[in-house]
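K.L.:
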Amino acid sequence: LVSRENHPERTVVHVGGVPIGPGTMTLIAGPCAVETPDQTLQAALMAQRSGATLLRGGAYKPRTSPYAFQGLGAAGLKILADVRAETGMPVVTEVVDARDVELVAQYADMLQIGTRNTQNFALLQAAGEAGKPVMLKRGMSGTIEEWLMSAEYIAQRGNLDIVLCERGIRTFEKATRNTLDISAVPVAQRLSHLPVIVDPSHSGGRRDLVLPLTAAAIAVGADGVIIDVHPHPESALCDGPQALVDTDLEELAALVRTL
Ligand code: PEP
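First residue of the sequence shown: 255, per our numbering; consecutive thereafter.
Right, dumping it as structure tokens:
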């Protein structure tokens, strides 16, 4: 269903009216995690000033350590809905458990499936039935073929509004958090008709790499990027070192405009 063989035209996915697909470089930005109403609103306004048209933000955070901040859950979803009402930005947010899909879909404009859940097939199927577009991250140790098969699980349930997101994979290299597999973008675009975006924040894991990796994403023809921003990264409850601040965002906006 997601293969380009039977569907040569590349798909445009609309998220709350915002297109992602051929001819777009959709900027999705916002905090890694929803922490407070004010932090989320500030991050959304920063994102919007830099040209972002979709707001990201995690209410459910899949953390490596069970002692790390796990997200605000349903309270975070309400904050995202309030910030959408204030800014007009449609919301992209992660769902980590099949039992939460219905609730998250009530608030989200797009469901995000994270790298740790790319092969959580029950979650993929539930997301496929939720009636909302789905952003599917690539598994950190997953091949491109496995990623596309995961998309197939969603599509099988009648939902073809799927956006693939390359977010870096595990390699032997330790200088970056993950290795951005930039070649995955044109490869996936040739194999599948679905839009392919890049997450330069979670791949590099470092603020100073976000702009160069965004430039790489633009150069290979990605259909968008998803970027972490935070008004006070030094006190962020999640992934502060990779979050962009206001001064970076002007540069980011200029970079995206070069398209
Ligand atoms: C995220 O985007 O918030 C996230 C946790 O990303 P990933 O699943 O790629 O680690």
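From the three backbone atoms N, C-alpha and C, an ideal C-beta is built for every residue, glycine too.
Taking a contact to mean a Cβ-Cβ separation below 8 Å, would you say residue 377 touches residue 351 in this structure?
P.N.:
A contact, by the Cβ cut-off of 8 Å.
K.L.:
What does DSSP give as the partner residues of residue 283 in its beta bridges?
P.N.:
DSSP lists 309 and 481 as partners of residue 283.
K.L.:
When DSSP labels each residue in this structure, what does residue 273 get in the three-state scheme?
P.N.:
Of the three classes helix, strand and coil, the one that applies to residue 273 here is strand, per DSSP.
K.L.:
Taking residue 431 as the reference, give the member of 364, 316 and 460 with the closest Cα.
P.N.:
Selected option, being the one with the closest Cα: 460.
K.L.:
How long is the line joining the alpha carbons of residue 486 and residue 414, rounded to whole angstroms?
P.N.:
If I take the Cα positions, the gap works out to 37 Å.
K.L.:
Using a 10 Å radius around the Cβ and a threshold of 16 neighbouring Cβ atoms, would you call residue 511 buried or exposed?
P.N.:
Exposed: under 16 other Cβ atoms inside 10 Å.
K.L.:
Buried or exposed for residue 440, please, with buried defined as at least 16 other CB atoms from any protein chain shown within 10 angstroms of its CB.
P.N.:
Exposed, because fewer than 16 other Cβ atoms sit within 10 Å of the Cβ of residue 440.
K.L.:
Under three-state DSSP, which class holds residue 467?
P.N.:
Residue 467 falls in the helix class under three-state DSSP.
K.L.:
Among 428, 462, 473 and 420, which residue has its Cα nearest to the Cα of residue 449?
P.N.:
Residue 449 has its Cα closest to that of 420, out of 428, 462, 473 and 420.
K.L.:
Is residue 334 close to chain B, meaning its C-beta is less than 8 Å from at least one C-beta of that chain?
P.N.:
The structure shown contains no chain B; it is built from a single protein chain.
K.L.:
Using the C-alpha atoms, what's the distance from residue 400 back to residue 343?
P.N.:
Using only the alpha carbons, I get a separation of about 32 Å.
K.L.:
Pull up the CB-CB distance for residue 288 and residue 357, whole angstroms please, since I reckon it's below 8 Å.
P.N.:
Wrong, their Cβ atoms sit about 15 Å apart, outside the cutoff.
K.L.:
Would you call the region 288–299 and the region 452–467 in contact, with 3 or more CB pairs under 8 Å?
P.N.:
Not touching, per the Cβ criterion.
K.L.:
Tell me, to the nearest whole angstrom, how far the beta carbon of residue 482 is from that of residue 455; I am working on the premise that it is less than 8 Å.
P.N.:
Rounded, the Cβ-Cβ distance is 4 Å, consistent with contact.
K.L.:
Would you report the Cα separation of residue 318 and residue 424, rounded to the nearest angstrom?
P.N.:
The alpha-carbon atoms of residue 318 and residue 424 are separated by roughly 15 Å.
K.L.:
Going by the C-beta, is residue 431 closer than 7 Å to any heavy atom of the ligand PEP?
P.N.:
Result no, Cβ not under 7 Å from the ligand PEP.
K.L.:
Along the chain, where does the alpha helix (DSSP H) that runs through residue 358 open and close?
P.N.:
355–361 is the span of the alpha helix (DSSP H), which, as asked, contains residue 358.
K.L.:
Following the continuous beta strand (DSSP E) through residue 366, name the residue where it begins and the one where it ends.
P.N.:
Looking at the DSSP string, the run of the beta strand (DSSP E) that includes residue 366 is 364–367.
K.L.:
Span of the beta strand (DSSP E) holding residue 416?
P.N.:
Unbroken beta strand (DSSP E) run through residue 416: 416–420.
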